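Going by our numbering, the first residue of the sequence shown is number 7, and it counts up by one from there.
Ideal Cβ positions, reconstructed from N, Cα and C, are used throughout, including at glycine.
These figures come from a predicted structure and were not determined experimentally.
Notes to accompany the following structure.
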Amino acid sequence: MITCVVHYTIDPAKIGAFEEFAAAWIRLVNRHGGEHHGYFLPGEGASDQALALFTFPSLAAYEEYRQLFGVDPEFIAADRIRDESGCVIRYDRTFMRPLLPRDLQTLEAD
Numbered sequence: 007m008i009t010c011v012v013h014y015t016i017d018p019a020k021i022g023a024f025e026e027f028a029a030a031w032i033r034l035v036n037r038h039g040g041e042h043h044g045y046f047l048p049g050e051g052a053s054d055q056a057l058a059l060f061t062f063p064s065l066a067a068y069e070e071y072r073q074l075f076g077v078d079p080e081f082i083a084a085d086r087i088r089d090e091s092g093c094v095i096r097y098d099r100t101f102m103r104p105l106l107p108r109d110l111q112t113l114e115a116d
């Protein structure tokens, strides 16, 4: 299992467009083999930072999903929201291996 953590710097004046962008990607990740854990938007503190977390069963499954970028019309439309609104200033991805509560039972048994 691999989790992608996306760190966004967003334009706080365009939060509505960012929410539309986020909703589109939640649907796409879930439809194409992943599990989206949500977007985390500014609440208190920095008003220009947001996060997204989603998981795929493997890096190979994530790569299959990535092959749709720039090709699939729904992926293109979702990116168009970001590009035309300017809601995202920059972003970067990090891949992490989750340690989940269910994993603790295995660790404790060892």
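Three-state secondary structure (DSSP) of residue i
{"i": "F27", "result": "helix"}
{"i": "Y52", "result": "Looking at the sequence shown, residue 52 is not Tyr but Ala. In this structure, A52 counts as coil in the three-state DSSP scheme."}
{"i": "L59", "result": "strand"}
{"i": "G44", "result": "strand"}
Cα-Cα separation between residue i and residue j, rounded to whole angstroms
{"i": "P79", "j": "L47", "result": "26 Å"}
{"i": "D54", "j": "A23", "result": "13 Å"}
{"i": "V35", "j": "K20", "result": "23 Å"}
{"i": "A66", "j": "R33", "result": "20 Å"}
{"i": "L136", "j": "G49", "result": "Residue 136 lies beyond the range of the chain shown here (7 to 116); nothing can be said about it."}
{"i": "D89", "j": "T15", "result": "14 Å"}
Beta-carbon proximity list for residue i, same chain, < 8 Å, skipping 5 on both sides
{"i": "D98", "result": "V12, H13"}
Check whether residue i and residue j have beta carbons under 8 Å apart
{"i": "D17", "j": "I82", "result": "no"}
{"i": "E41", "j": "F27", "result": "no"}
{"i": "F75", "j": "Y68", "result": "no"}
{"i": "Y71", "j": "G39", "result": "yes"}
Contact set for residue i: own chain, Cβ-Cβ below 7 Å, skip 5 residues either direction
{"i": "I87", "result": "A23, E26, F27, A30"}
{"i": "M6", "result": "Residue 6 lies beyond the residue range present for the chain, which begins at 7 and ends at 116; the question has no answer from this structure."}
**Request:** Pick out the complete alpha helix (DSSP H) segments inside the region 69-99, 4 residues or longer, and give them in chain order.
**Result:** 79-91
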